[in-house]
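Engineer: Just dropping this structure here.
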Amino acid sequence: MTTPLESAKRALNFEIEALKEAVKNLDDSFTSAVELILNSSGRLIVCGMGKSGLIGNKIAATLSSTGTPSFFLHPAEALHGDLGMVKEDDVVLLLSNSGETDEIIRIVPFLRRIGTKIIAMVGNLESSLAKNSDIVLNSYVSREACPLNLAPTSSTTVSLALGDALACALIEARNFKEKDFARFHPSGSLGRKFIVVKDLMHFGDSIPLVSPDEILREAVVKMSHGGFGALVIIDSNKKLLGVFTDGDLRRYFEKSKSVDLDVPICKVMTANPKRVTANKLAMEALKIMEDKSITSLPVVDSQDFVVGFLHLHDILKARLV
Numbered sequence: 001m002t003t004p005l006e007s008a009k010r011a012l013n014f015e016i017e018a019l020k021e022a023v024k025n026l027d028d029s030f031t032s033a034v035e036l037i038l039n040s041s042g043r044l045i046v047c048g049m050g051k052s053g054l055i056g057n058k059i060a061a062t063l064s065s066t067g068t069p070s071f072f073l074h075p076a077e078a079l080h081g082d083l084g085m086v087k088e089d090d091v092v093l094l095l096s097n098s099g100e101t102d103e104i105i106r107i108v109p110f111l112r113r114i115g116t117k118i119i120a121m122v123g124n125l126e127s128s129l130a131k132n133s134d135i136v137l138n139s140y141v142s143r144e145a146c147p148l149n150l151a152p153t154s155s156t157t158v159s160l161a162l163g164d165a166l167a168c169a170l171i172e173a174r175n176f177k178e179k180d181f182a183r184f185h186p187s188g189s190l191g192r193k194f195i196v197v198k199d200l201m202h203f204g205d206s207i208p209l210v211s212p213d214e215i216l217r218e219a220v221v222k223m224s225h226g227g228f229g230a231l232v233i234i235d236s237n238k239k240l241l242g243v244f245t246d247g248d249l250r251r252y253f254e255k256s257k258s259v260d261l262d263v264p265i266c267k268v269m270t271a272n273p274k275r276v277t278a279n280k281l282a283m284e285a286l287k288i289m290e291d292k293s294i295t296s297l298p299v300v301d302s303q304d305f306v307v308g309f310l311h312l313h314d315i316l317k318a319r320l321v
């Protein structure tokens, strides 16, 4: 009697052999499929029934997150109105191991009427689907890993792998980079690493701005009400002149024998402070704060005009650390 471990190893070996076979079956049709998708001004629509549909969902999700706009269309729903989602400039990827799946075959004439191009991922090159598609990707497997040779196992593995291969080829063809991937994954750890200052900064009336002539007494009140423990000092054109923080206030008290609360803020501010631009990575801004032991930074444009304000709390809320 076969043990569970032996059964598992046999199944995996069947799937490994199926993938090796899929590599051998790759030809210029794969290149044509990549070029067709690249040159399309529409979306890549993935369609499959049953287990192939589950694989299709994953393929569409992978493509969408790696720079190829894509979505899954259920073939049965397509026959009941969802074909309205398909446009002439789209490309449709149809998955069917047999190439004779009824729901898939039935939508082909309607796709032809719309004018969209069809890529078939099919295990039977003599099937109806293969004969009625523009490009055919061979997903043939000699047998399923299922002991009964019935349940889709090796065939779905090959389809999934071919979908991943398409995504990988398109990633390289589009020169898709980590920062691009991060834009589609803002809640992921990679996405958080690529958050820029402008995504977190305060702007408009929420920037704690004061003029250089503001007297210290009034400036401290504004700083207290602002809740940042800091003020940004600007000229009449909003050009950065300096900053004043609760740390500067403490140091002023410590150094002065007689504290003058009516002194202009420009006399006690930190001139030429550290600053960042809005397109700087938030992680770079955090490094500046850590290196200089400060908790906030004015955000400026290329001419040093203040456009925002970033506080350490904003970075912490974004879970960058």
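Quick note: the sequence shown uses our numbering, first residue 1, plus one each step. Quick reminder that beta carbons are idealized off the backbone N, C-alpha and C, glycines included. Since we're looking at a predicted model, the values are computed, not measured.
(1) Find out if the Cβ-Cβ distance for the pair Val-141, Val-158 is shorter than 9 Å.
(2) In chain order, what residues of the same chain have a beta carbon less than 6 Å from the beta carbon of Tyr-252, not counting five sequence neighbours either side?
(3) Check Gly-227 in the structure and name its three-state DSSP category.
(4) Are the beta-carbon atoms of Ile-37 and Ile-119 separated by less than 9 Å?
(5) When DSSP builds the beta bridges, which residues end up paired with Cys-47?
(6) Determine the DSSP secondary structure at Met-289, reduced to helix, strand or coil.
(7) Given that a residue counts as buried once 16 or more other Cβ atoms are within 10 Å of its Cβ, and exposed if not, what is Gly-67?
(8) By Cβ distance below 8 Å, which residues in the same chain neighbour Ile-215 in space, the five residues on each side in sequence not counted?
(9) Under 8 Å, with one C-beta from each stretch per pair, do the region 121-134 and the region 143-150 reach the 3-pair mark?
(10) Based on the DSSP output, what are the partners of Ser-70 in its beta bridges?
(11) Under a three-way DSSP split, which group does Ala-271 fall into?
(12) Roughly how many whole angstroms lie between the Cα atoms of Arg-113 and Glu-88?
(13) Distance check for Asn-57 and Ile-45, CA to CA, integer angstroms please.
(14) Thinking Ser-127 and Gly-48 are a contact (beta carbons under 8 Å), I'd like their distance in whole angstroms, please.
(15) Report back the beta-carbon spacing between Ile-195 and Val-210 to the nearest angstrom; my notes put them in contact at under 8 Å.
(16) Have a look at the DSSP bridge pairing and note the partners of Asn-334.
(17) Considering only the alpha carbon of each residue, which of Lys-287, Asp-291 and Lys-280 lies closest to Gly-308?
(18) Following the continuous beta strand (DSSP E) through Ser-296, name the residue where it begins and the one where it ends.
(19) Quick check on DSSP: helix, strand or coil for Ile-37?
(20) Secondary structure at Val-23, three-state DSSP: helix, strand or coil?
(21) Whole angstroms are fine: how far does the CA of Leu-249 sit from the CA of Val-197?
(22) Run through DSSP, which three-state label would Leu-281 get?
(23) Using the C-alpha atoms, what's the distance from Met-201 back to Asp-314?
(24) Quick one: residues in its chain with C-beta nearer than 7 Å to the C-beta of Leu-162, no 5 flanking neighbours on either side, listed in chain order?
(25) To the nearest angstrom, how far is the alpha carbon of Gly-227 from that of Asn-237?
(26) In or out: His-225 buried (at least 16 other Cβ within 10 Å) or exposed?
Structural biologist: According to the structure shown:
(1) yes
(2) The beta carbon of Tyr-252 lies closer than 6 Å to those of Val-268 in the same chain, with the five residues before and after it left out.
(3) coil
(4) Yes, the Cβ-Cβ distance between Ile-37 and Ile-119 is below 9 Å.
(5) Leu-94
(6) Here Met-289 sits in helix by DSSP.
(7) buried
(8) Cβ contact annotation for Ile-215 (same chain, cutoff 8 Å, sequence separation greater than five): Leu-261, Asp-262, Val-263, Pro-264 and Ile-265, in chain order.
(9) no
(10) Leu-44
(11) strand
(12) 9 Å
(13) Cα to Cα, Ile-45 sits roughly 10 Å from Asn-57.
(14) Contact doesn't hold; Cβ gap of about 14 Å is too wide.
(15) Actually they are not in contact, since the Cβ atoms of Ile-195 and Val-210 sit about 28 Å apart, beyond 8 Å.
(16) Because the chain here runs from 1 to 321, residue 334 falls outside it and cannot be looked at.
(17) Lys-280
(18) 296-300
(19) helix
(20) helix
(21) 27 Å
(22) DSSP places Leu-281 in strand when its eight states are reduced to three.
(23) 7 Å
(24) Ala-22, Met-121, Leu-137 and Ser-139
(25) 24 Å
(26) exposed
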